[in-house]
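Take any residue in the sequence shown, count from 1 to its spot, add 10: that is its number in the numbering used here. Cβ atoms here follow ideal geometry from the backbone N, Cα and C, with glycine treated the same way. The structure displayed is predicted, hence computed values, not measured ones.
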Amino acid sequence: MAEIDIRMTVNGSVQQLKAGAGRTLLSVLREEAGLTGTKDGCSSGDCGACVVILDGQPVNSCMVLAPQAEGSQITTVEGLAVDDELQPLQRAFAETWAFQCGFCTQGMLMSCHALLMSNLNPTREEILTAISGNLCRCTAYQGVVKAVEQAAAEMRSQDQNRHE
Ligand code: FES
Ligand code: FES
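Right under this line is the structure:
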């Protein structure tokens, strides 16, 4: 299949990638951009291990064709830390034991990050809805909810300090 050029901004840097029209965003991010933090769990939109943020929305990148992402802004799990410093959500995941084997963690982080981008005071139900597409075979869901609540509290207090 002929390759086409796909231009997208990934974690703040513009990338010009080549891919066949049938390639998924997941495979292009992993194999062309070298961002292997995003995982392929099922290739069929069922597990959420491949979630990235595309133009502000969490998507299963295994279900998006790479050309559909032309011109878009993408954040992958590698883009969460700022200057190599873990962000409140990432620290909270570690502190609340929001994972066991880690298979689902990158997708969970991205779904939760997307939630916190639009809602710094989510209810338990809103958190569960945000991660409803993320399967955790180790059933670490309670830890994930706790982590999001902890990170949201820290981010609200950071916001408050900024505005004082
Ligand atoms: S790998 Fe995309 S949803 Fe499972
Ligand atoms: S921590 Fe093992 S699948 Fe979620």
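Is any heavy atom of ligand 1 found at a distance shorter than 6 Å from the C-beta of residue i?
i, result
"N131", "no"
"A59", "yes"
"G55", "yes"
"N21", "no"
"N70", "yes"
Starting from residue i, trace the alpha helix (DSSP H) both ways and give me its first and last residue.
i, result
"M120", "T115 to S128"
"R101", "P98 to E105"
"I137", "R134 to A140"
"V61", "No alpha helix (DSSP H) holds V61; the beta strand (DSSP E) holding it covers V61 to L64."
"A157", "Y151 to R172"
Does the beta carbon of residue i sit closer than 7 Å to a beta carbon anywhere in chain B?
i, result
"L75", "Absent here is chain B; the protein component of the structure consists of one chain."
Does ligand 2 have a heavy atom nearer than 6 Å to the CB of residue i?
i, result
"Q152", "no"
"R147", "yes"
"Q116", "no"
"C52", "no"
"Q110", "yes"
"F103", "no"
For the beta strand (DSSP E) containing residue i, list its first residue and its last residue.
i, result
"E13", "E13 to V20"
"N70", "Q67 to N70"
"K28", "S23 to G30"
"Q83", "Q83 to T85"
For residue i and residue j, I'd like the C-alpha separation in whole angstroms.
i, j, result
"G47", "N144", "16 Å"
"E95", "C111", "23 Å"
"I16", "T34", "12 Å"
"L27", "M18", "8 Å"
"P68", "V20", "14 Å"
"G44", "N171", "37 Å"
"Q116", "Y151", "14 Å"
**Asked** Touching or not, the region 128 to 139 and the region 58 to 65, by the rule of three or more beta carbon pairs under 8 Å?
**Response** The region 128 to 139, when compared against the region 58 to 65, does not touch it at the 8 Å Cβ threshold.
**Prompt:** Touch check for the region 155 to 168 and the region 90 to 99: three-plus C-beta pairs under 8 Å?
**Reply:** Verdict: yes, contact present.
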